[in-house]
């Protein structure tokens, strides 16, 4: 009996040692990546949470203020204005930035000629640096000799102030953001469309389904997963809009002050208080984290 036990432990012990050796080797290869991720992701996150409870200007020594930064945020009228503007921007950006790429992808998928040219044309804005895109549209929106007002004058239509007018400022920013970012979403939709089995469309055509019925009952259900993922990613991205309002309307226009613009104001222009800016960043993180958790829970339940 003792001989059998000793013999049985030998192979098990060898397998255990080999497993530990393999895992150690794997962790050794992962160590550099984990260290970089911890240094550039986890540490800044933890540091930001710590700063939100301190009075910090990086000139004098920081000191602990507890919840005073969060109380100051709630007392600032621009706090609620920034959240309202951010939600309005997100809603408008989703109307255009979520539906337009899907429509473009369906259109590109149906083309028989010049597919490569049109795909490059759609994706070209994504390859441009964001600041170049914004400066290009800044010329378009120029109230004097800008492209858009020049076209309106040529058509004998009333000109617009575009980014300077409270009625058109936000939609002007949305157009810039949509044009700059729709290429990536379009190509993702296009890749998903090309993975749909052609037999589904053939069966729908044999059943007499119209174009709209094929789109509704075949295309959209097959794209459901990628649509849900892109919706979440676009909400997170648009809630953090910064470059467009910063370059086109500045940091003092109350009609386009967003959460990220307000964080910038707290840290670098008005207050020079990085603790207050960190508190605003923590609130944005909590809101986006809560939204993501609820969204994933609801979509998982729906599946």
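In the numbering used here, the protein residues as written are 15 to 317.
Using N, Cα and C, we set each Cβ at its ideal position, and we do this for glycine too.
Run of the alpha helix (DSSP H) containing residue i, from where it starts to where it stops
i           : result
residue 264 : Note, residue 264: premise wrong, no alpha helix (DSSP H); not H, not E.
residue 280 : Neither: residue 280 is in no alpha helix (DSSP H) and is coded neither H nor E.
residue 91  : 91 to 124
residue 227 : 225 to 228
residue 168 : 161 to 168
residue 252 : 238 to 252
residue 147 : 144 to 155
residue 271 : Per DSSP, residue 271 belongs to no alpha helix (DSSP H) and is neither H nor E.
residue 132 : 129 to 141
residue 81  : It is not in any alpha helix (DSSP H) - residue 81 carries neither H nor E in the DSSP assignment.
CB contact flag (residue i, residue j, <8 angstroms)
i           : j           : result
residue 144 : residue 250 : no
residue 196 : residue 115 : yes
residue 83  : residue 66  : yes
residue 104 : residue 253 : yes
residue 146 : residue 198 : no
residue 131 : residue 122 : no
residue 248 : residue 112 : yes
residue 173 : residue 159 : no
residue 153 : residue 262 : no
residue 229 : residue 206 : no
residue 191 : residue 255 : yes
residue 293 : residue 64  : no
Of the listed residues the options, nearest to residue i (C-alpha basis)
i           : options               : result
residue 295 : 61, 31, 106 and 200   : 61
residue 181 : 270, 200 and 293      : 270
residue 70  : 301, 193 and 291      : 291
residue 157 : 130, 78, 139 and 186  : 186
residue 194 : 297, 135, 35 and 310  : 135
residue 288 : 151, 312, 236 and 76  : 76
residue 98  : 298, 272, 283 and 313 : 272
residue 282 : 72, 119 and 63        : 72
residue 203 : 188, 309, 233 and 223 : 233
The ligand ZN heavy atom lying under 7 angstroms from the CB of residue i
i           : result
residue 181 : No copy of the ligand ZN occurs in the structure displayed, which carries no ligand at all.
| query | Does the stretch 211 to 226 come within contact of the stretch 238 to 246, defined as at least 3 CB pairs closer than 8 angstroms? | reply | no
| query | Counting pairs of beta carbons, one from the stretch 99 to 108 and one from the stretch 81 to 91, are three or more of them closer than 8 angstroms? | reply | Contact between the stretch 99 to 108 and the stretch 81 to 91 is absent, because fewer than three Cβ pairs lie under 8 angstroms.
| field | Every unbroken beta strand (DSSP E) within the stretch 190 to 233, with a cutoff of 3 residues, ordered by chain | value | none
| Hey, is the stretch 173 to 187 in contact with the stretch 261 to 277, meaning 3+ C-beta pairs nearer than 8 angstroms? | yes
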